[in-house]
Structure formats: structure tokens, C-alpha cells
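The structure under discussion appears below in the form of C-alpha cells.
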Amino acid sequence: MHNRANLKAMRKVESPVISFPPNTAQRWTLANGLTIIVQEDRSAPVASVQAWCVAGSTTEDKHLGAGLSHILEHMLFKGTKTRSTSKIAQKIQDVGGYINAYTSFDRTVFWIDVPKDGALTALDILADAMMNSTLPAREYVKEQEVIRREFAMGMDDPGRMVTHLLFATAYQRHPYRLPVIGLIDIYNQLTHDQVMEYYKTRYVPNNLTFVVVGDVSASEVRKKVEEFFKDRPAKSLAPIYIPAEPPQLGRREVHQEFATELTHFAMAWHVPEIAHPDVPALDLLTVILGEGHSSRLYRKVREESGLAFAISAFSYTPGDPGILGIDAILDPQNREATQNLILQMIEDVRRDGVTAEELAKGKKIVLSQEIASLRTMRGQATDLGTNWFLTRNLNFSREYLDKIQKVTLDDIKRVAVQYLTDENLTIVSLNPKGSLRSKSETAVPAVIGQIQKFELSNGFEGHQNANSRANRESTGSSGRRDHSRRWQQQFGSESRCHSTRSCTWHRYFGRRVAQRYHAA
7 MHNRANLKAM
17 RKVESPVISF
27 PPNTAQRWTL
37 ANGLTIIVQE
47 DRSAPVASVQ
57 AWCVAGSTTE
67 DKHLGAGLSH
77 ILEHMLFKGT
87 KTRSTSKIAQ
97 KIQDVGGYIN
107 AYTSFDRTVF
117 WIDVPKDGAL
127 TALDILADAM
137 MNSTLPAREY
147 VKEQEVIRRE
157 FAMGMDDPGR
167 MVTHLLFATA
177 YQRHPYRLPV
187 IGLIDIYNQL
197 THDQVMEYYK
207 TRYVPNNLTF
217 VVVGDVSASE
227 VRKKVEEFFK
237 DRPAKSLAPI
247 YIPAEPPQLG
257 RREVHQEFAT
267 ELTHFAMAWH
277 VPEIAHPDVP
287 ALDLLTVILG
297 EGHSSRLYRK
307 VREESGLAFA
317 ISAFSYTPGD
327 PGILGIDAIL
337 DPQNREATQN
347 LILQMIEDVR
357 RDGVTAEELA
367 KGKKIVLSQE
377 IASLRTMRGQ
387 ATDLGTNWFL
397 TRNLNFSREY
407 LDKIQKVTLD
417 DIKRVAVQYL
427 TDENLTIVSL
437 NPKGSLRSKS
447 ETAVPAVIGQ
457 IQKFELSNGF
467 EGHQNANSRA
477 NRESTGSSGR
487 RDHSRRWQQQ
497 FGSESRCHST
507 RSCTWHRYFG
517 RRVAQRYHAA
């Protein structure tokens, strides 16, 4: 129960509820299964044209860990049956367009932003690439080297590496444990024929969604898409098995040395998927903990204690269960003190909750950031695409914002108690070379409990509570290890994805992690 002072404070900070009208988007599904989503917006003479394909690192099936989806992102505009690479580029330039793309765990998205008169041309270019790309072998050889350079750059970046290490440690079975760009050893074994086969099986009408927002005619867009795909039937999509991540039963820690002058530190707890009713409260808790200079973590860990140079929190809730995390950059000698202080602050929230002022401020931050992300045509198209892709509900973002405004102090405390537990916690860090006294010593957590050493398949060594039954989590019922889970110390690169948390599976405060796990 809230005490009288807190109830009084709540009345002072209460804000009127903001109503968000339903979007005006129109949606059609063609006979071949292709989906078209169009929202007319004549506030500016521009449009964003996007193509979404269900092809990400988790959909690569027998080639899991190869980065096939990312390779196709690089290859799809290397020429089609009717256009060369140069003709595609020239056509986009002629209409004043800007093209970009990203690959993530579950999708590849291409977009062209254009003046309104170029919208149908952009649509034609994207549709042509989705269906008619030739993937020339000589271009594949060139792009292989480009991607190898991306691998190399990723391996030199401690920020990316610690994020990948966090996912590889927190996830033991689900493909989220693998970077979108793939693992270099598996990537190097791919052939051009395998890439072509993957393209033919994933880039089919019933696996595509076109999203157009801007100063366009919805009927003209629909007619254009129908005309292009009229003779392209749906194709059978082989089912893809994605194993569920088993509950984590004990804290995991991995601390490693790396070529860095500062320690890059991260911790995270497993949380539900985007559509779960607890996500709005978890997102607000994330904002209160680590969004901005007035957040709890920034004030206490950076400003008052001086333990970290940078610290923030993120909430990463994709289509399958995600993580709520904290990351920081600090001097190596401050790592244990920083970890202890953060854990004490988490315990404070679990015991006492947050204040009414903090909750009101958190709601304003989420609402303002979400609204800001919808000011551009691309932002609106991304919002619609993600809503449909993950929830099959074009109004999901608006309903999410309604739920944000209804979150209570009790909700915040409840989710903190439920999810921010020690047995659900993963802690990782990358530290300057020579700074770790011994792996066993530095991996011991700051709370009392028996710790059991475990080793990841890439050689990373960590520790876990002995009663967590680590072997049961990392092996099948037969006790044999799943070697497809092996994790090489080879990681991907940052994306040029400009999406914000209105992309739904990583609302704006999860953007940094999403960018590190997308592939360019």
C-alpha cells in the first residue's frame, strides 16, 4: 500500500490521459499471401516505401549462424533480370530517393525515401529486387570480402563485443545467442548456391509485406503491387523450429580480457516478449533506472559515486522473450564496486518501488519519444511495419501508449520483484588485458551463494550458481550438447538502422542494443 505522502505526491504529478486515435492505414492481403499496408499522409510531399521480408538470423534453419539473411541484404541490389546495379542506382537518383536496409534477428527491411512523385518508381524497384535479383557470382565474391571486413571491425569494438557476449551468455538455446552477421567459421563455408537457394525460399510473395506512408494514393499503390505480383503465386514455406529459451535457474557471469583501455560492463535479466502485458511496466522501469541524466543509475553511479564514465539501461523486447539490461563504461578497478552498487539499487527498487514523480516523468519520456518518432514518413512506416510484423495489429503502438499511461506504482514494484531476480541475472564484462587477477576470482558475484564454473563453447569461462542445474539448460534431454550453439569470438557490425523504439521490439531506450545486434 502507498503511504499518505506518496498518495499526495501522486495527485500532484498526475497528468491528463492522452488519447491516441487509431491510425488510418489500409491493409490488403493478395491471393498469393503478400501484404500491402498504405497510410496516406499529405502533410509533406514525400513518401517512404518499405519492403519487409521474414528473413533474419533466426530463420536460417540448417544454416543457422551463417548470416545468410545479412548476405542477401548486401546482394539484392546487385542486379535483377531487367536492371543492372548501376541502373538501379541511377533510377533511385533520378527520382531523388535515398535507399537503405537492415537485417535483424527476424527480418530484413529495405526502404526508399522519395519525393511523392517517385513513390511508384521506388515501389517498382523494391518489388523487382525482391523477386528478380540475379545474385551474380562475381558480386558475391566481392561482398564476401566486404562482410569479412565487417567481422573484423566488430571484433575490434568492445561495445559490440560486450553486447554479443551478453546475448551469448544469457541465451543458451534460442538463436538470439548468435549475432545477426553470423559466425565467421560458418560464414566462410557458405557457397553461392546456398545463398541462391535461401533467396528462392524466403523471398516469396507470402513472406513479404510492403509498407508505404506519405503523399500517395492508396489505390494506386495497391494497383501497382497487384500488377507486379499478379503472376507470382505463393510458395510453400518450410516450418522453422526455433527452440524456446529455458528458464534461467542461476546467475551467470563471464569476465574476459580484451584490447581496451576501459572496462565495458553489462548485466541483464530475462523478460517477456513484446506483446506481454508486463512490458509497459518493464519499459517504464527501464526509463526510471537508466534513461537520461536524471535517472537513478546516472545520478548515483556516475554523478554521486563517480564509478562509471557512462551508464544507462535498455529494454529489449522482440517477438520472443527479451532482456532488460544495464551497461556501463568504467575504470577496471571500479568494476566490482559498480556491480555491487547497481545490485543494491536493484534491491532497493524491489523492496521500495519507485516514486510517483519518477513514474510520471518516465511516462512523459516514453510518450514524447514515441510521438517524435512518428513525425517522419519513415518513422510511421517503420511503426506500421513492426506492429504488423510482430503483433498483426496495426494499432499496437497506440494501444501500448494507452497501457503506458495506466501503469501504476504497484505495477513497477511487481515486475521488479518478479523479473529482476538473482537467478535470472547474467553479468558480463570486457576488461583491459592484464587487469583480471584470475578468472575464478573475478567471476565471483557480489552476493553470497555457491558458484559453479561453466565454459561456453567458444572458450569463454564463466560461473553460475551451483543449484542452477546449468547442464540441464545447456544440453538436450539426452545430455548431448547442441553443437549448433557454438559461439566463436567473431561478431557482427553496427547497423545503419535509423529506427527508434517505435519499431516496437526495441522502444527507443533499447536502440543501442538493437543497433549492435542488427547487421549493416
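For the sequence shown, the working numbering begins at 7 and goes up steadily by one. Glycine included, each C-beta is placed from N, C-alpha and C at the ideal position.
- Item | Pair within 8 Å by beta-carbon distance, V44 and R113 | When the beta-carbon positions are compared, V44 and R113 stay at least 8 Å from each other.
- Evaluate the contact criterion for the region 167-185 versus the region 242-252: three or more CB pairs, one atom per stretch, below 8 Å. Judged by Cβ distances under 8 Å, the region 167-185 makes contact with the region 242-252, as three or more pairs qualify.
- Query: Among L172, L288 and K84, which residue has its Cα nearest to the Cα of D333?
  - Reply: Closest option to D333, Cα to Cα, is L172.
- Under 8 Å between the Cβ atoms of G188 and A366? No, they are not a contact pair.
- Query: What first and last residue would you give for the beta strand (DSSP E) that runs through Y426?
  - Reply: Reading the sequence as shown, one finds Leu at residue 426 and not Tyr. Counting along the chain, L426 falls outside any beta strand (DSSP E), and DSSP gives it neither H nor E.
- Would DSSP call L189 helix, strand or coil? When DSSP states are grouped into helix, strand and coil, L189 belongs to the coil group.
- Message: Let me make sure I understand the geometry here. Which of G124, P286, V307 and K369 has the alpha-carbon closest to that of L330?
- Response: Closest by alpha carbon: P286.
- Task: Within the region 194-273, note down every full beta strand (DSSP E) run reaching 3 residues or more, in order along the chain.
- Result: Within the region 194-273, the beta strand (DSSP E) runs of at least 3 residues that lie entirely inside it are, in chain order, 214-220 and 258-264.
- Message: With the cut-off set at 8 Å, would you say V210 and V55 are in Cβ contact?
- Response: No, the Cβ-Cβ distance between V210 and V55 is not below 8 Å.
- Message: Which complete beta strand (DSSP E) runs does the region 312-338 hold, if anything under 3 residues is left out?
- Response: Runs of the beta strand (DSSP E) inside the region 312-338: 314-322 and 328-336.
- Query: In whole angstroms, what is the alpha-carbon distance linking I192 and H69?
  - Reply: Computed Cα separation, rounded: 8 Å.
- Message: For a quick check, are the C-beta atoms of P278 and P327 less than 8 Å apart?
- Response: Cβ atoms of P278 and P327: closer than 8 Å.
- Message: Quick check: the region 151-162 against the region 116-136, are at least 3 beta-carbon pairs closer than 8 Å?
- Response: Judged by Cβ distances under 8 Å, the region 116-136 makes no contact with the region 151-162, as fewer than three pairs qualify.
- Which of the three DSSP states, helix, strand or coil, is assigned to I24? In this structure, I24 counts as coil in the three-state DSSP scheme.
- Message: Spatial neighbours of I24 within its chain, please: C-beta separation below 8 Å, excluding the five flanking residues on both sides.
- Response: Correct list, in chain order: L373, L407 and Q411.
- Item | Collapsed DSSP secondary structure at Q411 in the structure displayed | Assigned with DSSP and collapsed to three states, Q411 falls in helix.
- Message: Going by DSSP in three states, S374 sits in which element: helix, strand or coil?
- Response: Helix.
- Message: Measuring only the C-alpha atoms, how far is F26 from Q375?
- Response: Looking at the two C-alpha atoms, the distance is approximately 14 Å.
- Task: Starting from T114, trace the beta strand (DSSP E) both ways and give me its first and last residue.
- Result: Here the beta strand (DSSP E) through T114 covers T114 to P121.
- Query: Of the choices I371, D358 and N437, whose alpha-carbon is the least far from that of D416?
  - Reply: With distances taken between Cα atoms, D416 lies closest to D358.
- Message: On the criterion of 16 or more Cβ atoms from any shown chain inside 10 Å, does S242 qualify as buried, or is it exposed?
- Response: By the neighbour-count rule (16 or more Cβ atoms within 10 Å), S242 is not buried but exposed.
- Query: At a cut of 8 Å, does the region 221-228 reach the region 390-407 through at least three beta carbon pairs?
  - Reply: Between the region 221-228 and the region 390-407, the count of Cβ pairs shorter than 8 Å is below three; the stretches do not touch.
- Item | Nearest to E203 (by Cα), restricted to the options A244, E233 and R238 | Cα-wise, what sits closest to E203 is A244.
- Task: Consult DSSP for I105 and reduce its assignment to one of helix, strand or coil.
- Result: Note: I105 maps to strand in three-state DSSP.
- Item | N-terminal and C-terminal residue of the beta strand (DSSP E) that A527 is part of | Here the chain has residues from 7 to 526 only, and residue 527 is not among them.
- Task: Using 10 angstroms around the beta-carbon of N213, count the other beta-carbons present and answer buried if the total reaches 16, otherwise exposed.
- Result: So N213 ends up on the buried side.
- Using beta-carbon positions only, say whether P438 and T169 come within less than 8 Å of one another. A distance of 8 Å or more separates the beta carbons of P438 and T169.
- Message: For Y146, tell me which candidate among F83, T88 and A107 has the shortest Cα-Cα distance.
- Response: Relative to Y146, the option among F83, T88 and A107 whose CA is nearest is F83.
- What three-state label does DSSP hand L436 in the structure shown? DSSP, reduced to helix, strand and coil, places L436 within a strand of the structure shown.
- Message: My parser needs the alpha helix (DSSP H) runs of 4 or more residues fully inside the region 21-84; what are they?
- Response: Unbroken alpha helix (DSSP H) runs of no fewer than 4 residues, entirely contained in the region 21-84, are found at 74-81, following chain order.
- Cβ-based burial, P338 [other Cβ within 10 Å; buried from 16]: With 16 or more neighbouring CB atoms inside 10 Å of its own CB, P338 falls in the buried class.
- Query: With 16 other CB atoms within 10 Å as the buried threshold, where does D47 fall?
  - Reply: Per the 10 Å Cβ criterion, buried.
- Where K369 and E363 are concerned, what is the direct C-alpha to C-alpha distance, given to the nearest angstrom? Distance between the alpha carbons of K369 and E363: 10 Å.
- Taking V355 as the reference, give the member of E310, L313 and L288 with the closest Cα. Nearest C-alpha to V355: L288.
- Message: Looking at the strands, I want to know which residues DSSP matches up with H276.
- Response: The partner list for H276 (beta bridge, DSSP) reads I329.
- Query: What three-state label does DSSP hand T292 in the structure shown?
  - Reply: Reduced to three states, the DSSP call for T292 is helix.
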